[in-house]
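Asks: Take any residue in the sequence shown, count from 1 to its spot, add 66: that is its number in this note's numbering. From the three backbone atoms N, C-alpha and C, an ideal C-beta is built for every residue, glycine too. Note that the structure is a prediction, hence the values are computed from the model and not measured. This is the structure, below, for whatever I ask next.
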Amino acid sequence: MPSSTSMSAAVLLLATATGLSGCGQSKAPSKEAFAAALEPVVRDVFCHPIDVMRYEVEGEPAGSGFPIVTSPKPTLAGPGSDGKAVAMLDGLAGVGLVTRTTFEKPARWSGSTNPFVRQPLISYAPTPKGAPYLHTVERKATNAKVSVPSFCLAKGEVVDVVRWTEPTDIAGHRVSQVTYTYHGVEPIPVMPPAEQAQMVEPKERTVPFELQSDGWRPMPR
67 MPSSTSMSAA VLLLATATGL SGCGQSKAPS KEAFAAALEP VVRDVFCHPI
117 DVMRYEVEGE PAGSGFPIVT SPKPTLAGPG SDGKAVAMLD GLAGVGLVTR
167 TTFEKPARWS GSTNPFVRQP LISYAPTPKG APYLHTVERK ATNAKVSVPS
217 FCLAKGEVVD VVRWTEPTDI AGHRVSQVTY TYHGVEPIPV MPPAEQAQMV
267 EPKERTVPFE LQSDGWRPMP R
């Protein structure tokens, strides 16, 4: 019986020591920890918001993603007033990445309190071929994150975590400057070959990381 008790105590001590060691390692700076935290940051680095004056249709739920409903008439001010985003969407429709649908229904500017007025509208929705390049991306707003319809030239991917500085305490935060390389993969097929080649070339960037309760995370900007 004493031998069995000693064996159980030894197993318990070993398990405790292993657990403590694992906990300490998760908060230690490492290439693996930084790379994992960078993946969601880098994924959408080649995505750009589609700046269009959105319309909401009477009786239909207003959304911030796709499809994008707008007016064929250029707006005098506000998002999309220069017409470049609509021209881009028309171009993507021409190569089969977007479905362009014209119709007429009561509508108003999204977020407006004006009455609904029947008018011509255009709806843009990604085709299965275009879905990898047209989707919503989370962006920082004033007090929260919002999902914004975006056009992505490629999917961002971490190539390597090159180096990081010794963690230091700054204003109550444990901080390390992390330098990494990234590139684009699966670039949009309509991009010229020379630009596709440039997209897949590794690029270098340095960002500050902060040690939080669940490990190292990029600091908000």
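Helix, strand or coil for Gln91, going by three-state DSSP, please let me know.
Replies: With a pLDDT of 48 at Gln91, under the threshold of 50, the predicted position of this residue should be treated as unreliable, though the coordinate-derived value follows. In this structure, Gln91 counts as helix in the three-state DSSP scheme.
Asks: Have a look at Pro181, Ile134, Glu170 and Pro106 and flag the residue whose alpha-carbon is nearest the alpha-carbon of Met154.
Replies: Ile134
Asks: Whose CA, out of Val111, Pro274 and Trp175, lies closest to the CA of Ile236?
Replies: Pro274
Asks: Using three-state DSSP, classify Glu98 as helix, strand or coil.
Replies: helix
Asks: Whole-angstrom Cβ separation of Leu11 and Tyr248, contact assumed at under 8 Å?
Replies: Residue 11 is absent from the model: the chain starts at 67 and stops at 287.
Asks: Find the nearest neighbour of Thr165 within the set Val214, Arg271, Leu200 and Gly177, judged by alpha-carbon distance.
Replies: Leu200
Asks: Quick one: Cα of Lys139 to Cα of Cys218, how far?
Replies: 26 Å
Asks: State the Cα-Cα distance for the pair Thr136 and Gln278, rounded to the nearest angstrom.
Replies: 42 Å
Asks: Use the C-beta contact count for Pro286: other C-beta atoms within 10 angstroms, 16 or more gives buried, fewer gives exposed.
Replies: exposed
Asks: Can you check DSSP and say which residues form a bridge with Phe217?
Replies: Checking the DSSP bridge columns, you'll see Phe217 partnered with His114 and Leu200.
Asks: Can you tell me where the beta strand (DSSP E) with Leu155 in it begins and where it stops?
Replies: Leu155 -> not in any beta strand (DSSP E); alpha helix (DSSP H) instead, spanning Lys150 to Gly160.
Asks: How would you write the range of the alpha helix (DSSP H) that Val260 sits in, first residue to last?
Replies: The question names Val, but residue 260 is Ala in the sequence shown. Residues Pro259 to Met265.
Asks: Taking the C-alpha atoms as reference points, what is the distance between Arg174 and Ala151?
Replies: 19 Å
Asks: Under 8 Å, with one C-beta from each stretch per pair, do the segment 238–245 and the segment 180–199 reach the 3-pair mark?
Replies: no
Asks: Thinking just about the alpha-carbon of each residue, which of Thr193, Glu98 and Val123 is nearest to the one in Thr179?
Replies: Val123
Asks: Buried or exposed for Val212, please, with buried defined as at least 16 other CB atoms from any protein chain shown within 10 angstroms of its CB.
Replies: The residue in question, Val212, is exposed, as its Cβ has fewer than 16 Cβ neighbours within 10 Å.
Asks: For Pro274, does the three-state DSSP call read helix, strand or coil?
Replies: strand
Asks: Report the three-state DSSP secondary structure of Val251 (helix, strand or coil).
Replies: strand
Asks: Just to confirm the assignment, what range does the beta strand (DSSP E) spanning Glu122 have?
Replies: Tyr121 to Val123
Asks: If I follow the unbroken beta strand (DSSP E) through Thr165, where does it start and stop?
Replies: Per DSSP, the unbroken beta strand (DSSP E) holding Thr165 starts and ends at Val164 to Trp175.
Asks: Give me the Cβ distance between Val225 and Pro268, rounded to the nearest whole Å; I'm assuming they're in contact under 8 Å.
Replies: 5 Å
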